[in-house]
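> Before we start, here is the structure in question, set down as structure tokens.
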Amino acid sequence: MTDNRSQLSSSSFLTPEDPSPVIVHGGTDPRSPLLLVSDHAGQAIPSVLGDLGVPEEERARHIGWDIGIDGVGRTLADLTGALLIEQSYSRLVIDCNRAPGHETAIVTISDGTPVPANQNVSATEAALRTQAIFDPYHTRIGEELDRREDEGIETFLIALHSFTPEMQNFRRPWHCGVLHNHDPRFGRIIIDCLSEEGLTVGDNEPYELTDTSDYTVPVHGERRKIPHVEIEIRQDLITAEPGQKEWAERLARILPEAMKRYHEQYGSHPTTEAE
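Just so we're aligned, residue 1 is where the sequence shown starts under full-length UniProt numbering, counting upward by one.
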């Protein structure tokens with residue numbers, strides 16, 4: 001690992017050769033009710049951090065990114081006309097679905113794999129990673145939500161993720177998981193729609209969404225009181241392009257139906273608090 005951290009500053013953390021932390025795709029229908037976001041779509045590493053001291057084959061595992069979700073998200077955006085906002089850096093650099101300062105925002109070890117560049121990260125360096133990668137991504141999501149609110153566009157926030165088929169010797173049986181927290185209304189409709197297709201659907205599985213376990217849904221969905229859901233797809237189902245296309249087509253069918261059912265039960269732009 002080439003370690004250039006002694007050279008870090010707010011102006012040099014990302015060089016002109018490094019990719020932008022935010023990738024925007026789709027958006028052919030600027031009034032689509034869907035807004036797609038993907039916190040772990042990328043595998044990039046700032047050049048100043050080298051390879052993080054992690055072998056390439058390890059970075060390519062689920063510890064480095066949400067395998068397959070880039071293809072699902074982009075195809076789904078193309079099929080629906082929705083805007084997709086992706087974060088392009090590896091979650092090993094900083095996890096953009098954790099609040100800054102959270103103990104898993106910058107991990108020192110992930111699923112048994114040490115991350116040498118993350119050992120003894122100073123508060124200054126952690127802040128630089130946040131400013132360079134985390135902040136632009138969430139600022140872009142906030143700007144889009146502000147635009148939609150100003151223009152009176154109803155928004156359903158869809159956070160796209162994928163999960164590893166096995167964790168700690170437990171074979172996860174779900175084809176997908178639907179995560180929700182304080183407002184489960186849209187999530188429960190999505191669960192019904194997916195289950196009707198004969199899928200095994202996890203309700204807050206493979207993990208539970210809480211105020212502290214996640215960032216994107218609590219901040220951009222719950223605080224704004226807009227319909228939202230986090231969808232997790234098992235990675236072995238979307239590793240290759242055919243599976244990614246299949247799941248994008250499935251969600252392109254299901255999401256409009258789920259929005260229709262939501263309107264029938266709760267109306268548009270609901271102001272009633274979830275029970």
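For every residue, glycine included, the Cβ atom is placed at its ideal position computed from N, Cα and C.
None of the values given here were measured: they were computed from a predicted structure.
Residue range of the alpha helix (DSSP H) that valine 72 falls in?
Element bounds for valine 72: 69 to 80.
> Should glutamate 58 be labelled buried (16 or more other beta-carbon atoms within 10 Å of its own) or exposed?
Glutamate 58 comes out buried.
> Does DSSP put glutamate 103 in a helix, a strand or coil?
If DSSP states are grouped into helix, strand and coil, glutamate 103 belongs with coil.
> Residue range of the alpha helix (DSSP H) that serine 162 falls in?
Looking at the DSSP string, serine 162 is not in any alpha helix (DSSP H); the run it does join, the beta strand (DSSP E), is 156 to 163.
> Compute the Euclidean distance between the alpha carbons of proline 256 and arginine 129, then round it to the nearest angstrom.
Those two C-alpha atoms are separated by around 37 Å.
> Since valine 24 and glutamine 244 should fall inside the 8 Å C-beta cutoff, what is the C-beta to C-beta distance between them, to a whole number of angstroms?
Not quite, the Cβ-Cβ distance comes to about 19 Å (not below 8 Å), so this is no contact.
> According to the neighbour-count rule (16 or more other Cβ atoms, all chains shown, within 10 Å of its Cβ), is threonine 124 buried or exposed?
Under this definition threonine 124 is an exposed residue.
> Specify the secondary structure class of phenylalanine 170 as computed by DSSP and reduced to three states.
In this structure, phenylalanine 170 counts as strand in the three-state DSSP scheme.
> Could you give the distance in angstroms between the alpha-carbon of glutamate 273 and the alpha-carbon of leucine 36?
Unreliable positioning characterises glutamate 273 in this predicted model, as indicated by a pLDDT of 46, which lies under 50. The coordinate reading is nonetheless provided below. Roughly 23 Å separates the two Cα atoms.
> Nearest CA to the CA of valine 28: which residue from Thr80, Gly68, Gln265?
A small correction: the amino acid at residue 28 is threonine; valine does not occupy that position in the sequence shown. Of the candidates Thr80, Gly68, Gln265, the one whose C-alpha sits nearest the C-alpha of threonine 28 is Thr80.
> Does the Cβ of threonine 155 have 16 or more other Cβ atoms within 10 Å, making it buried, or fewer, making it exposed?
With 16 or more other Cβ atoms within 10 Å, it is buried.
> Compute the Euclidean distance between the alpha carbons of glutamate 275 and glutamate 17, then round it to the nearest angstrom.
Residue confidence is low: glutamate 275 scores 42 on pLDDT, short of 50, so the model does not pin down where it sits. Its coordinate-derived value is still stated next. Each residue's alpha carbon lies about 49 Å from the other.
> Provide the residue(s) that pair with residue 307 in DSSP beta bridges, ordered along the chain.
In this structure the chain extends from 1 to 275, so residue 307 is not present and cannot be described.
> What residue does the beta strand (DSSP E) around histidine 40 start on, and which one ends it?
That residue, histidine 40, is in no beta strand (DSSP E); it is neither H nor E in DSSP.
> Are there 16 or more other CB atoms within 10 angstroms of the CB of proline 55, so buried, or fewer, so exposed?
Counting Cβ neighbours within 10 Å, proline 55 comes out exposed, since fewer than 16 surround it.
> Give the straight-line distance between the Cα atoms of aspartate 135 and asparagine 118, rounded to the nearest whole angstrom.
Cα to Cα, the separation comes out at about 19 Å.
> Report the partner residues of threonine 113 according to the DSSP bridge assignment.
Threonine 113 is bridged to Ser110.
> From what residue to what residue does the beta strand (DSSP E) around arginine 234 run?
Where arginine 234 is concerned, the enclosing beta strand (DSSP E) stretches over 228 to 234.
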